[in-house]
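Numbering (our numbering), first residue to last: 18 to 423.
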């Protein structure tokens, strides 16, 4: 098996634009959640989200491309640009590919276009509508601008899309289809249509008066997740290719897991069947013992069943060798497809710096989540060699990615 290494990272998040800004704020225990500013949410039951702040796409992209893209595509493009710049990669067109992960693509553009169409006297929809909503066009824009001609796939496995993008990118390189792959996750679903649906299923926190403390993973008072948005990107290479060009290596993808609960469209299996199998599969792929994992970035969305099932699953897999566990969604909200990438970046930085980011807003641990060090509210120092990132989604989708010190 070929070693797959990380040579570039990019992130655009509610806590900052750029991987370094994100890391600085996540470890400082800051919150990126506030009242929604991109539209008037006053008539909605849920009025809060983790929006990307101080974002002007003209600072990062040509105007002609901005007009043709949905915000999730812009986040993907900007994260990829940062990762490619950090990697100093000279792209070999036919040996470089892209795997894009997004849960809902251009759903916000769909919603706003239909709303405008319903109210308009002249029934006209612009010619850019279809390209702006297609998930794969996010990758296509990057491929066009960087002349990336290798494997190109877009995965949409709900909230595990980002993690599955990494998994598929590794598969392409293991099969010899490419030497270098971009793994990207991006999401921007903030619109009344999505909020109404998730609020009506009682999935979202309604703490509109206290947005910065609304997302409370593992806390006994948690009342649902907060929607987040953003993008993340990794440049992945075979070790042989990275060494041959003298690249700086930031970490190694040690193992990947992907399973399905085969139980329910929105609820996790009550005994964590799929989550346990996924983490175990990743450990087997990495050829690691559970005791070697020093940190888990949990899916930890702050939903009642989700947090409880994930912590019980972690206990079953790791037994009496439990690692540190934290959820960064208390700070960013649930970034869906993007989170699967940015949370792997979190694991890479935790290994690199020896800092475990905190689970903020965790003041009283739910007894069903007790028995694990959940790194409540304040970051901790720890020397770790391997970390796992979990991303679980609707449809019973499960992704686990293990990264290691190179």
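For glycine and all other residues, C-beta sits at the position ideal for the given N, C-alpha and C.
(message) Taking only three categories from DSSP, how would you classify residue 242?
(response) Locating residue 242 in the chain shown gives position 225, counting from the first residue. Reduced to three states, the DSSP call for residue 242 is strand.
(message) I need the boundaries of the alpha helix (DSSP H) containing residue 91, first residue and last residue.
(response) As a first step, residue 91 must be located in the chain shown, where it is residue number 74. Start and end: 88 to 104.
(message) Using the three-state DSSP reduction, which class does residue 177 fall into: helix, strand or coil?
(response) In the chain shown, residue 177 corresponds to position 160, counting from 1. Helix, per DSSP.
(message) Within the continuous alpha helix (DSSP H) that includes residue 292, where are the two ends?
(response) Sequence index remark: in the chain shown, residue 292 carries index 275 (1-based). Residue 292 -> alpha helix (DSSP H) spans 290 to 303.
(message) Rounded to the nearest angstrom, what separates residue 150 and residue 90 at their Cα positions?
(response) Here residue 150 is taken as the residue at index 133 of the chain shown, counted from 1. Here residue 90 is taken as the residue at index 73 of the chain shown, counted from 1. Each residue's Cα considered, the two are about 9 Å apart.
(message) With H, G and I counted as helix, E and B as strand and the rest as coil, what does DSSP make of residue 47?
(response) Working through the chain shown from its first residue, we reach residue 47 at position 30. Here residue 47 sits in coil by DSSP.
(request) Look up residue 277 in the DSSP assignment and give the residues it is bridged to. (result) The residue given as residue 277 occupies position 260 in the chain shown. BP columns for residue 277 point to 414.
(request) Work out the CA separation of residue 53 and residue 20 for me, nearest whole Å. (result) By 1-based counting over the chain shown, the position of residue 20 is 3. By 1-based counting over the chain shown, the position of residue 53 is 36. Whole-angstrom Cα-Cα distance: 43 Å.
(request) Mark residue 414 as exposed unless 16 or more other C-beta atoms lie within 10 angstroms of its C-beta, in which case mark it buried. (result) Your numbering for residue 414 matches position 397 in the chain shown. The residue is buried, with at least 16 neighbouring Cβ atoms inside 10 Å.
(request) For residue 423, name the three-state secondary structure that DSSP assigns. (result) For the purposes of this step, residue 423 is taken as the residue at position 406 of the chain shown. In the structure shown, residue 423 sits in coil (DSSP, three-state: anything other than H, G, I, E or B).
(message) Tell me which residues share the same chain as residue 175 and place their Cβ nearer than 6 Å to its Cβ, disregarding the 5 neighbours each side in the sequence.
(response) Within the chain shown, numbered from 1, the residue matching residue 175 stands at position 158. If we look at residue 175 and ignore the five residues flanking it on each side, its Cβ neighbours are 120, 410, 411, 412 and 414.
(request) Consult DSSP for residue 70 and reduce its assignment to one of helix, strand or coil. (result) The residue given as residue 70 occupies position 53 in the chain shown. It is coil, neither helix nor strand.
(request) With DSSP as the reference, label residue 146 as helix, strand or coil. (result) Locating residue 146 in the chain shown gives position 129, counting from the first residue. The answer is helix: DSSP assigns residue 146 an H, G or I state.
(message) Comparing C-alpha positions only, which one of 229, 298, 327 and 92 sits nearest to residue 46?
(response) Sequence index remark: in the chain shown, residue 46 carries index 29 (1-based). Nearest option by C-alpha distance: 229.
(message) Quick check on residue 206: buried or exposed, where buried means 16 or more other Cβ atoms within 10 Å of its Cβ?
(response) The residue you call residue 206 lines up with position 189 of the chain shown. Its Cβ being crowded by 16 or more others within 10 Å, residue 206 is buried.
(message) To the nearest angstrom, how far is the alpha carbon of residue 400 from that of residue 341?
(response) Within the chain shown, the letter at position 383 stands for residue 400. Within the chain shown, the letter at position 324 stands for residue 341. About 11 Å.
(message) Quick check on DSSP: helix, strand or coil for residue 198?
(response) By one-based count along the chain shown, residue 198 stands at place 181. Strand at residue 198.
(message) Considering only their Cβ atoms, is the gap separating residue 245 from residue 29 smaller than 8 Å?
(response) Residue mapping note: residue 29 aligns to position 12 of the chain shown, counting from 1. Residue mapping note: residue 245 aligns to position 228 of the chain shown, counting from 1. In this structure, residue 245 does not lie closer than 8 Å to residue 29 by Cβ.
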